[in-house]
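In my numbering, the protein residues as written are 361 to 579.
One structure is given here, and the rest of the page talks about it.
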Amino acid sequence: MRSISLAILAVTSGLALLPCPALAADIALIGLFPGKAVLVIDNGAPKTYAVGSTIASDSKLIDVSSSAAVIETNGRRQTLTLDGYVAHAAGSHSGASSGKVILMPDSKGHYMAQGQINGGAIRMLLDTGASTIALPASDAIRLGIDYKKGKVGRTNTANGVTQVYRVMLDTVKIGDIQINQVEAAVHESGLPFALLGMSFLSRVEMRNEGGQMMLTKRY
Numbered sequence: 361m362r363s364i365s366l367a368i369l370a371v372t373s374g375l376a377l378l379p380c381p382a383l384a385a386d387i388a389l390i391g392l393f394p395g396k397a398v399l400v401i402d403n404g405a406p407k408t409y410a411v412g413s414t415i416a417s418d419s420k421l422i423d424v425s426s427s428a429a430v431i432e433t434n435g436r437r438q439t440l441t442l443d444g445y446v447a448h449a450a451g452s453h454s455g456a457s458s459g460k461v462i463l464m465p466d467s468k469g470h471y472m473a474q475g476q477i478n479g480g481a482i483r484m485l486l487d488t489g490a491s492t493i494a495l496p497a498s499d500a501i502r503l504g505i506d507y508k509k510g511k512v513g514r515t516n517t518a519n520g521v522t523q524v525y526r527v528m529l530d531t532v533k534i535g536d537i538q539i540n541q542v543e544a545a546v547h548e549s550g551l552p553f554a555l556l557g558m559s560f561l562s563r564v565e566m567r568n569e570g571g572q573m574m575l576t577k578r579y
């Protein structure tokens with residue numbers, strides 16, 4: 361799995377994201393797989409942990425689901441979700457959804473978004489030059505998308521013209537923003553990671569403020 365330094369903040373009304381005093385380590389969730397979670401400890405490099413693994417001196421990964429991981433620290437259990445990168449294992453919170461997400465650039469100025477497609481976790485590179493969401497075939501298969509039933513088409517890439525399968529995704533969710541019925545193109549080769557293209561981005565408002573990319577759902 362490609363390790364990319366990033367930070368995704370899910371902004372919610374009346375919410376203050378504060379480190380939980382019970383946790384000695386600052387833990388953030390950025391990816392989920394069956395029986396495993398990709399975590400960042402104290403702003404270090406992302407690392408994959410299996411359920412039951414010790415992830416810090418006093419913390420252990422207890423359980424994972426399709427959208428969350430459960431951490432136990434000194435007998436106290438907390439839930440980390442994929443809704444926001446800086447969750448700090450702070451547990452559940454109240455407050456109405458704002459429909460906004462803030463993406464922080466990585467060291468190369470790229471914006472990566474951790475989200476869900478049809479309920480399955482995926483990480484995507486924001487790409488305004490892509491007309492649709494673009495998925496490697498391996499991700500489509502993992503997400504349960506029968507892309508071979510899609511319409512065969514062709515698209516221009518850095519490696520020339522390539523064949524793709526055009527499909528319709530039921531749901532695409534980034535933080536608090538969920539869009540239904542989003543077009544995507546599945547590539548069987550030449551695409552190393554998923555792209556968050558304009559079939560999603562054209563349905564939200566994008567604003568760059570001081571290097572931060574804010575996405576706001578259109579109502």
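Even for Gly, the Cβ is constructed at its ideal location relative to N, Cα and C.
Quick caveat, the model's predicted, so the values are computed rather than measured.
Of the candidates Ser491, Gly412 and Ile387, Gly412 places its Cα closest to the Cα of Lys396. The secondary-structure analysis by DSSP pairs Asp423 across a beta bridge with Val430. The beta carbons of Glu543 and Thr492 sit closer together than 7 Å.
Separation of the CB atoms of Leu555 and Leu485 is rounded to 5 Å, and the pair is thereby assigned contact status at 8 Å. Straight through space, the alpha carbons of Ala481 and Thr441 are spaced by roughly 11 Å. Counting only runs of 3 or more residues that sit fully inside the segment 470-547, the beta strand (DSSP E) segments are 472-477, 480-486, 493-496, 511-517, 520-534 and 537-547, in chain order. Residue state for Leu551 is assigned as coil, using DSSP reduced to three classes. One Cα belongs to Asp423, the other to Leu561, and the distance between them is close to 33 Å.
Under the 8 Å Cβ criterion, the segment 490-505 does not count as touching the segment 572-579, having fewer than three qualifying pairs.
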